[in-house]
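Read the structure below first, then the notes.
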Amino acid sequence: MRLSAHSYATKRSFSNDKDDEEREKLAREISKDWSSVFERSINTLFLTELVRGLMLTLKYFFEQKVTINYPFEKGPFEPSFPR
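Each residue of the sequence shown is one higher than the one before, starting from 943 at the first, in my numbering.
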């Protein structure tokens, strides 16, 4: 059995030259100095924290309310509680 000299390695992804040019252009546009890296990471962190806060707000917004008629419904007091 003779092995062929052909390479069966997979080709690059199914992208064309236009995709490659666009990818290279975007890579050049993204600046790599520390101030821009820091600014992008802060913006990403801010966005994720904002989304987490919104999710927490929505969670408690749709929960059943604990006090329905607060000023009119008083809870029981302990005898030692000063009034």
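Idealized CB from N, CA, C, for every residue including glycine.
(message) At the 8 angstroms Cβ level, is F1014 part of the contact set with chain B, yes or no?
(response) The chain inventory of the structure shown lacks chain B, comprising one protein chain alone.
(message) So for T1075, helix, strand or coil by DSSP?
(response) Here the chain has residues from 943 to 1025 only, and residue 1075 is not among them.
(message) Between which residues of its own chain and E981 is the CB-CB distance below 8 angstroms, once the five residues before and five after are set aside?
(response) Against the sequence shown, residue 981 aligns to sequence position 39. Closer than 8 angstroms at the Cβ level, and outside the excluded window around E981, lies no residue.
(message) Going residue by residue through the region 953-989, where are the continuous alpha helix (DSSP H) segments of at least 4 residues, counting only ones entirely within it?
(response) Runs of the alpha helix (DSSP H) inside the region 953-989: 959-971.
(message) Does G1017 come out as helix, strand or coil in the three-state DSSP assignment?
(response) Stepping through the sequence shown from its first residue, residue 1017 is reached at position 75. Judged by DSSP in its simplified three-state form, G1017 adopts coil rather than helix or strand.
(request) Would you identify the three-state DSSP class for F1004, choosing helix, strand or coil? (result) For the purposes of this step, residue 1004 is taken as the residue at position 62 of the sequence shown. Here F1004 sits in coil by DSSP.
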